[in-house]
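At position 27 of the sequence shown (counting the first as 1) the number is 27 in the UniProt record's numbering, and the numbers step up by one without a gap.
In what follows, a single structure is set out as structure tokens and then discussed.
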Amino acid sequence: MHAITIPEPGGPEALVWAEVPDPVPGDGEVLVDVAASAVNRADLLQRQGFYDPPPGSSPYPGLECSGRISAVGPGVTGWAIGDEVCALLAGGGYAEKVAVPTGQLLPVPDGVDVTTAAGLPEVTCTIWSNVFMVAHLRPGETLLVHGGSSGIGTMAIQLGKAVGARVAVTAGSAEKLERCARLGADILINYREQDFVEELRSATAGEGADVILDIMGAKYLEPNVKALAVNGRLAIIGMQGGAKGELNLGTLLAKRGAVTATSLRGRPPSEKAAIVAAVREHVWPLLADGRLHAVVDSTVPMRDAAEAHRALEESGHVGKILLTP
């Protein structure tokens with residue numbers, strides 16, 4: 001098969017489309033002929049040499065994919081050759097084939113085409129595990145989503161609204177905020193021109209956010225804590241703004257707040273399977289009945305993955321950038 005390889009870490013040009021051995025499904029795994037994959041920030045870090053795949057996983061980038069099952073390994077039940085699926089991966093999505101543990105498989109949702117489904121597993125599993133399984137967002141609460149026009153952000157807006165929350169977003173342009181508004185965002189904050197803490201307080205009568213989904217890390221740690229409501233929960237899922245910040249414990253204590261930080265890729269298979277099962281139970285019906293939809297910015301040939309990485313780094317996109325073999 002062909003896959004995107006990284007002979008040496010570096011810029012987008014480090015991504016090389018090359019012929020590599022076909023993967024072989026092991027116990028409890030299936031082989032998926034990839035219809036599409038999607039680009040995530042973690043892929044950029046792996047390309048740069050800062051985010052190695054977990055031991056034993058595929059060395060190729062790509063944390064999600066969609067396609068059709070072409071072979072099943074020993075001990076597989078409930079899945080058959082020809083099934084259309086999408087999958088949460090530890091790596092290997094930028095390829096024509098990938099071996100996937102069955103616990104990380106999802107059926108392609110009704111009403112969603114197999115290519116578009118490639119952009120669903122990572123965002124839905126990230127949001128559901130953090131916003132709902134950890135931070136326990138409830139109807140009537142306020143959810144603040146940083147990077148509202150991103151792949152994560154566009155789905156977080158929709159999921160927040162689907163459960164009856166009020167959703168605030170930050171984004172860097174009026175055009176991106178307008179796209180967020182079309183998805184249901186209630187409070188629109190241009191982080192380039194406005195102080196998100198003050199804007200959020202103004203829009204919530206001084207209360208702040210009950211849950212904050214944060215991709216920035218250190219840069220936003222202090223203002224995020226200030227933006228929390230009493231009993232608020234801050235869920236950190238990225239470090240685009242750095243890894244080390246200062247936390248005022250006095251402010252956190254006064255608000256009886258909580259700060260959590262999680263990632264998906266390095267979790268053991270059992271934890272990933274539990275998250276995938278929860279997403280299938282709670283999120284897939286919302287996709288099937290049209291209350292949620294994947295927001296796709298563009299589709300790029302997989303051999304031109306460097307172009308897709310450049311687009312993600314420039315941050316001009318809204319939603320997911322997909323790759324097709």
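Where is the CB? At the ideal position from N, CA and C, for every residue including glycine.
These numbers were taken from a predicted model, which means no experiment stands behind them.
Going by C-alpha positions, residue 148 is about 14 Å away from residue 237. Taking C-beta atoms under 8 Å as the contact rule, residue 292 and residue 159 qualify, at a distance of about 7 Å. In terms of Cβ geometry, residue 167 and residue 143 form a close pair [threshold 8 Å]. When DSSP states are grouped into helix, strand and coil, residue 293 belongs to the coil group. In this structure, the straight-line span from the alpha carbon of residue 86 to that of residue 107 is close to 6 Å. Exclusion of the five residues before and after residue 151 leaves 123, 319, 320 as the residues of its chain whose Cβ lies within less than 6 Å of its Cβ. Our two residues, residue 81 and residue 74, have alpha carbons roughly 13 Å apart in a direct line. Distance between residue 276 and residue 125, taken at the CA atoms: about 6 Å. Put simply, of 132, 197, 157 the residue whose alpha carbon is nearest the alpha carbon of residue 233 is 132.
Under DSSP, residue 214 forms a beta bridge with 236.
Each residue's CA atom was taken as its position, placing residue 192 and residue 324 some 34 Å apart.
In this structure, 189 is the residue among 189, 200, 301 with its C-alpha nearest to the C-alpha of residue 173. The way I'd put it, the segment 30 to 50 does touch the segment 92 to 103; three or more beta-carbon pairs between them come closer than 8 Å. In chain order, 211, 233, 235 place their CB closer than 6 Å to the CB of residue 135, counting only its own chain and leaving out the 5 sequence neighbours on each side. Boundaries of the beta strand (DSSP E) around residue 2: 2 to 5. When only Cα atoms are considered, residue 250 and residue 222 end up about 12 Å apart. Membership of residue 255 in any beta strand (DSSP E) is not indicated, and neither H nor E is assigned to it by DSSP. Secondary structure of residue 29 (DSSP, three-state): strand.
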